[in-house]
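Peer 1: Here the sequence shown stands for residues 1435 to 1560, where the numbers follow this note's numbering. Each residue gets a CB set at the ideal place from its N, CA and C atoms; glycine is no exception.
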Amino acid sequence: MSTESASLVILVIDDEARVRDALIDILDMMDMTAITASTGYDGIAIYAQDYHQIHIVLLDMQLPDINGSEIIPQLKEINPDVKIIISSGHDQWDVSHQLPKDPNIYFLQKPYRMSTLFNKLNEVNQ
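What follows is the structure, encoded as structure tokens:
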């Protein structure tokens, strides 16, 4: 476990309960804390309340209530320096045209391995 990742708080915004539950367990194994939201609007509200404690937002691109590309500007309004990892089953090329050009927005292709997630979180936390 690298010291850079220890005690990171990750806000997971994903509508699939099994994904959220798995990420809680995986992040706990990595000595990180997961805060979860099952809808985009809940994720925005949680981020607005706790953004000082949240290091990275792991955002599912396709949510039933609001699209990930619509969530990003709202998170940026709360904190312009928010670090966001977009997670999608679509490839990066398909998703990238929906995203603003921003060095704090990253992409993680679903499905991913635990090691890939760990490496991405460390990259984003640099």
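Report the three-state DSSP secondary structure of V1443 (helix, strand or coil).
Peer 2: On the sequence shown, position 9 is the one that residue 1443 refers to. It is a strand residue.
Peer 1: Does the Cβ of I1512 have 16 or more other Cβ atoms within 10 Å, making it buried, or fewer, making it exposed?
Peer 2: By 1-based counting over the sequence shown, the position of residue 1512 is 78. Its Cβ having fewer than 16 others within 10 Å, I1512 is exposed.
Peer 1: State the DSSP-derived secondary structure class of T1437, mapped to helix, strand or coil.
Peer 2: Here residue 1437 is taken as the residue at index 3 of the sequence shown, counted from 1. For T1437, the pLDDT reaches just 38, beneath the cut-off of 50, and the residue's location in the model is therefore unreliable, leaving the point undetermined.
Peer 1: Look at K1517 and H1489 and say whether their C-beta atoms are less than 8 angstroms apart.
Peer 2: Position 83 of the sequence shown, counted from the start, is the residue given in the question as residue 1517. Position 55 of the sequence shown, counted from the start, is the residue given in the question as residue 1489. Result yes, Cβ atoms of K1517 and H1489 sit closer than 8 angstroms.
Peer 1: On the CB-based measure, 16 or more other CB atoms within 10 Å of its CB, does T1470 come out buried or exposed?
Peer 2: The residue labelled residue 1470 in the question sits at position 36 within the sequence shown. With 16 or more Cβ atoms within 10 Å of its Cβ, T1470 is classed as buried.
Peer 1: Nearest-angstrom Cα distance between S1472 and M1463?
Peer 2: If you number the sequence shown from 1, residue 1472 lands on position 38. If you number the sequence shown from 1, residue 1463 lands on position 29. Rounded to the nearest angstrom, the two C-alpha atoms are 22 angstroms apart.
Peer 1: Using a Cβ-Cβ cutoff of less than 8 angstroms, which residues in the same chain neighbour T1467 once the five nearest sequence positions on both sides are dropped?
Peer 2: Working through the sequence shown from its first residue, we reach residue 1467 at position 33. Hits under 8 angstroms: S1441, L1442, V1443, I1444 and L1461.
Peer 1: Out of I1500, P1514, D1536 and L1542, which has the shortest C-alpha to C-alpha gap to L1492?
Peer 2: Start at 1 with the first residue of the sequence shown, and residue 1492 comes out as number 58. That would be L1542, whose Cα lies nearest to the Cα of L1492.
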